[in-house]
Amino acid sequence: MASLIGSYSLNFGLFFSFFIIFFSINNLKNAENLDKKIISFTFLQFFFVIISFVGLIISFINSDFSNETVFNHSHTTKPLFYKISGTWGNHEGSLLLWLLVLTLFVFIFLLKSDRQPKNYRIFTLLFQQIIIIGFFVFLIKTSSPFNFIFPVPEEGLGLNPILQDPALAIHPPILYLGYVGSSIIFSSALAAMVSSYVSKEWAKHIKQWVLVSWIFLTLGILLGSVWAYYELGWGGFWFWDPVENVSLMPWFALTTLLHCILVLEKKGILTSWAMVLSIATFALSMSGTFLVRSGILNSVHTFANDPERGLFILIFLFSLIFLSIFIFFFFHKDKEKTENNFFWLSKETSILVNNWFMMYFLSVVLIGTIYPIFLEVLTSNKISVGPPFYNKLILPFLIPFLFAMAIGPKLKWIKSDFQDKLNMLLLLIISFLISALIIKEFDISFLVNTILVSSAFFLFFVTLREFFIKKLKNLSQNVAHFGFSLLILSILLNNIFSTEVITNLKIGETFKSDKFSINFANIVQENGKNFKSIIGKFKVEHEDGSIDALRPELRIYNQPNIVTSEADIKTNFFTDKFITMNYVQNQEYFNIRYQVKPLMIWIWISVLLLSFGGLMSIFKKRYEI
């Protein structure tokens, strides 16, 4: 019954889209103010999508295997929490969640934009409804979460066990809030061009949406990274997995757009750049949706392997891009006279330079992600692009980027005379000396690593100093920049000083190295709710005499029949000690992977600080940079 109600509600939601479009077009011609009926219809559309989504959740909770989606992604023995999170842990349910957030955001937009021009609000609503209708049609025609099967199976196929995790349960909704926020920015930018509202006032209005989208996308990426770190056994925070990349690219675009919007709000310049970035951010978010659901990416994160679905999204995306290009060239009037008169030493020039650095990083990630796809299509050869590619292309440009980021906030608008030269030089020297002392080993990589770490320390010290100099002034900016500096510094030191040992051990054997020994003491078996556990007992003794007791495990699920490896991690403020074990087929040995990962907790903390800085910006009456 819940699935049936959900199916009908989905169709009712689509029906209201046409009501909204009809009354919106009439309202453009006939009234000075926005017709309240339009807001009511928008709420009703959102309401019916909620009913549809709740219907799917109830179907999962009740293990209604007459619903094909429930049958494919649930099981009676699955814990309640994962039954609920399984609602969006699949292709159909995730798209329904997309649609839910789309309808919610457009309703909130209308409520919160009451002081904006009527035509601008209506055009934003119309463009947003085009996107919403596209998702309605996609869901109903190709990806309905309410398809029924008969006869009704007694049991479901179950959810992939590696997706049964608290971090991953909340990761998709948070990430989608970031993705869908970009749709409002996109629709708003098109509406601003059509209604000739590209201005400081528009920048001030849309900035809040940019910040909200950016915060959610940042937190979504963080949750996905944390999950991959301890669940997949990678032992790292980022592996340039293609699906990781498709979330990182819109983050680069959003970060660039945020700084561009700040310049537009302050000085009324960079309007064209702001429009291009608004379109690009949404296009990258939609591209990620296409790649994840097309079946052309090989990743543990992918939802579907259906080229037909991917083709639908691709055609829809290209249609929206062509529409946006048409509007940009025929409606956007570039009235700026000062945009080409930048002084080379000014805050706006600094932001523009950093924007181009961010676009370069985005381009590298884009090429690394899509090049293997095109190569396979053209030559049938399969390749994977890993860390060496990204390190070679990103790290050299990271150094000037960090220096520019450190200097930029100290400059003034329009024209600046660089102040505080002596203190900045002193901080640079201190950064270099600290880095050289940390690196220590004089090998081929010494100079490169020292310069990299020096640039990160320089940004770190400069942003830290700003807290004491400016105190509460520009606090949100300082928190965000400090979080970013801490993130880069932690990542660099983590990459340089991480150690790893991979070996095969029998029960009772010991592996010894110069810095530690690993003793495989024993294994025990335990039963979980829907799995059996084989837990390894390890004793790791370090050269300083400290001992860690670690308990990695193998989980054997019966529905579906999958074995997963669960890492055990000992964390303190400076180091993570990470261990996993896996079967060696047809042998008594277990494959043991032990890693020492410095500053891991500071990577997570730095991203939280970065997000908190954005959150502080939302609640500020005036944003200063």
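Per our numbering, the very first residue in the sequence shown carries number 3; after that it's consecutive. In this text, a Cβ means the ideal position worked out from N, Cα and C, and glycines have one as well.
Using 10 angstroms around the beta-carbon of ARG117, count the other beta-carbons present and answer buried if the total reaches 16, otherwise exposed. In the sequence shown, counting from the first residue as 1, residue 117 sits at position 115. With fewer than 16 neighbouring CB atoms inside 10 Å of its own CB, ARG117 falls in the exposed class.
Is it a yes or a no for the stretch 146-165 touching the stretch 68-83, going by three-plus beta-carbon pairs under 8 Å? yes
Can you tell me whether PRO168 is helix, strand or coil according to DSSP? As a first step, residue 168 must be located in the sequence shown, where it is residue number 166. In the structure shown, PRO168 sits in a helix (DSSP, three-state: H, G or I).
Just mark PRO554 as buried or exposed, buried being the case when its beta carbon has 16 or more other beta carbons within 10 Å. As a position in the sequence shown, residue 554 is number 552, starting the count at 1. PRO554 comes out buried.
Excluding sequence positions up to five away, which residues of its chain have a Cβ less than 7 Å from the Cβ of ILE509? Within the sequence shown, numbered from 1, the residue matching residue 509 stands at position 507. Answer for ILE509: PHE522, ASN524, ILE525, listed in chain order.
Using CA coordinates, which residue listed in SER433, GLY95, LEU279 is at the minimum distance from THR71? In the sequence shown, counting from the first residue as 1, residue 71 sits at position 69. The shortest C-alpha separation from THR71 is found at GLY95.
Nearest-angstrom beta carbon gap, GLY370 and VAL355 [assumed within contact, 8 Å]: Indexing the sequence shown from 1 puts residue 355 at position 353. Indexing the sequence shown from 1 puts residue 370 at position 368. Between GLY370 and VAL355 the Cβ distance is about 23 Å, and since that is not below 8 Å, they are no contact.
Take PHE24 as the anchor and find which of PHE43, ASN35, GLY530, SER9 has the nearest alpha-carbon. Counting from 1 along the sequence shown, the entry for residue 24 is found at position 22. When each option's Cα is compared against that of PHE24, the closest is PHE43.
Are the CB atoms of LEU99 and TRP2 within a distance shorter than 8 Å? Shown here, the chain extends from 3 to 627; a query on residue 2 therefore has no answer.
Determine the contact status of ILE124 and SER54, defining contact as a CB-CB distance below 8 Å. Locating residue 124 in the sequence shown gives position 122, counting from the first residue. Locating residue 54 in the sequence shown gives position 52, counting from the first residue. In this structure, SER54 does not lie closer than 8 Å to ILE124 by Cβ.
Is the beta carbon of GLN130 less than 8 Å from the beta carbon of SER189? For the purposes of this step, residue 130 is identified with residue 128 of the sequence shown, where counting begins at 1. For the purposes of this step, residue 189 is identified with residue 187 of the sequence shown, where counting begins at 1. In this structure, SER189 lies closer than 8 Å to GLN130 by Cβ.
Are there 16 or more other CB atoms within 10 angstroms of the CB of LYS114, so buried, or fewer, so exposed? Here residue 114 corresponds to residue number 112 of the sequence shown, with the count starting at 1. Its Cβ having fewer than 16 others within 10 Å, LYS114 is exposed.
Between the alpha carbons of TRP242 and LEU617, how many angstroms are there, rounded? Translated into the one-based positions of the sequence shown, residue 242 becomes position 240. Translated into the one-based positions of the sequence shown, residue 617 becomes position 615. Cα to Cα, the separation comes out at about 27 Å.
Closer than 8 Å is the cut-off here; do at least three beta carbon pairs connect the stretch 200-220 with the stretch 177-192? yes
Go ahead and pull the three-state DSSP assignment for ALA551. As a first step, residue 551 is located in the sequence shown; it is residue number 549 there, counting from the start. If DSSP states are grouped into helix, strand and coil, ALA551 belongs with the strands.
Beta-carbon contacts of VAL302 that lie in its chain and below 6 Å, excluding the five residues immediately before and after: Here residue 302 refers to the residue found at position 300 of the sequence shown. The predicted model places VAL302 with a pLDDT of 48, which falls under 50 and marks its position as unreliable; any figure quoted below should be read in that light. Excluding the 5 residues flanking it on each side, VAL302 has no same chain C-beta neighbour closer than 6 Å.
PHE320 versus ALA255: straight-line alpha-carbon distance, rounded: For the purposes of this step, residue 320 is taken as the residue at position 318 of the sequence shown. For the purposes of this step, residue 255 is taken as the residue at position 253 of the sequence shown. Answer to the nearest angstrom: the Cα atoms are 18 Å apart.
In its own chain, which residues sit with a C-beta less than 7 Å from the C-beta of ILE151, not counting the 5 before and 5 after it? Along the sequence shown, one-based indexing puts residue 151 at 149. Contacts found: SER68, GLU70, PHE73.
Would you check if the stretch 607-615 and the stretch 576-590 touch, i.e. whether three or more CB-CB distances between them fall below 8 Å? no
DSSP puts ASP37 in a beta bridge; with which residues? As a first step, residue 37 is located in the sequence shown; it is residue number 35 there, counting from the start. ASP37 is not bridged to any residue.
When we look at the beta-carbon of GLY15 and count the other beta-carbons within 10 Å, is it buried (16 or more) or exposed? Numbered from its first residue, the sequence shown carries residue 15 at position 13. So GLY15 ends up on the buried side.
How is TYR591 classed by DSSP in three states: helix, strand or coil? Working through the sequence shown from its first residue, we reach residue 591 at position 589. Reduced to three states, the DSSP call for TYR591 is coil.
Do VAL265 and ILE353 have their CB atoms nearer than 8 Å? Taking the sequence shown and counting its residues from 1, one reaches residue 265 at position 263. Taking the sequence shown and counting its residues from 1, one reaches residue 353 at position 351. Yes, they are a contact pair.
Given that a residue counts as buried once 16 or more other Cβ atoms are within 10 Å of its Cβ, and exposed if not, what is TYR585? Residue mapping note: residue 585 aligns to position 583 of the sequence shown, counting from 1. Result: exposed.
Going along the chain, which residues of its own chain have a beta-carbon closer than 8 Å to the beta-carbon of HIS544, five neighbours each way excluded? Here the question's residue 544 lines up with position 542 in the sequence shown. For HIS544, where only same-chain residues beyond five positions count, the Cβ hits under 8 Å are LYS517, PHE518, ASP550.
Given a threshold of 16 other Cβ atoms within 10 Å of its Cβ, counted over all protein chains shown, does TYR373 qualify as buried or as exposed? In the sequence shown, residue 373 corresponds to position 371, counting from 1. So TYR373 ends up on the exposed side.
Looking only at its own chain, which residues have a Cβ that is under 6 Å from the Cβ of LEU213, when we skip the five neighbours before and after it? Taking the sequence shown and counting its residues from 1, the one referred to as residue 213 is at position 211. Contacts found: GLY616, SER619, ILE620.
Whole angstroms are fine: how far does the CA of GLU502 sit from the CA of ILE607? Residue numbering aside, residue 607 sits at position 605 when the sequence shown is read from its first letter. Residue numbering aside, residue 502 sits at position 500 when the sequence shown is read from its first letter. The C-alpha of GLU502 is placed about 23 Å away from the C-alpha of ILE607.
Between the beta-carbon of LEU404 and the beta-carbon of PHE469, is there less than 8 Å? For this step, residue 404 is matched to residue 402 along the sequence shown. For this step, residue 469 is matched to residue 467 along the sequence shown. Contact flag unset, no.
Could you give the DSSP three-state label for LEU354: helix, strand or coil? Sequence index remark: in the sequence shown, residue 354 carries index 352 (1-based). LEU354: helix per DSSP, three-state reduction.
First through last residue of the beta strand (DSSP E) which encompasses VAL503: Taking the sequence shown and counting its residues from 1, one reaches residue 503 at position 501. From DSSP, the beta strand (DSSP E) with VAL503 extends over 501-507.
Got a sec? Which residues, its chain only, sit under 7 Å from LYS622 by beta carbon, not counting five neighbours each side? On the sequence shown, position 620 is the one that residue 622 refers to. Contacts found: SER478.
Taking the alpha carbon of LYS394 as the reference point, which residue from PHE363, LEU128, ALA408 has its own alpha carbon closest? Along the sequence shown, one-based indexing puts residue 394 at 392. When only C-alpha atoms are compared, the closest one is PHE363.
Best match in GLY226, THR144, ASN574 for proximity to ALA171 [C-alpha to C-alpha]: Sequence index remark: in the sequence shown, residue 171 carries index 169 (1-based). The residue with the shortest Cα to Cα distance from ALA171 is GLY226.
Need the endpoints of the alpha helix (DSSP H) that THR512 sits in, please. Residue mapping note: residue 512 aligns to position 510 of the sequence shown, counting from 1. No alpha helix (DSSP H) holds THR512; the beta strand (DSSP E) holding it covers 512-514.
Local Cβ density within 10 Å of LYS2, reported as buried at 16 or more and exposed below that: Examination of residue 2 is not possible in this model, given that the chain is present from 3 through 627 alone.
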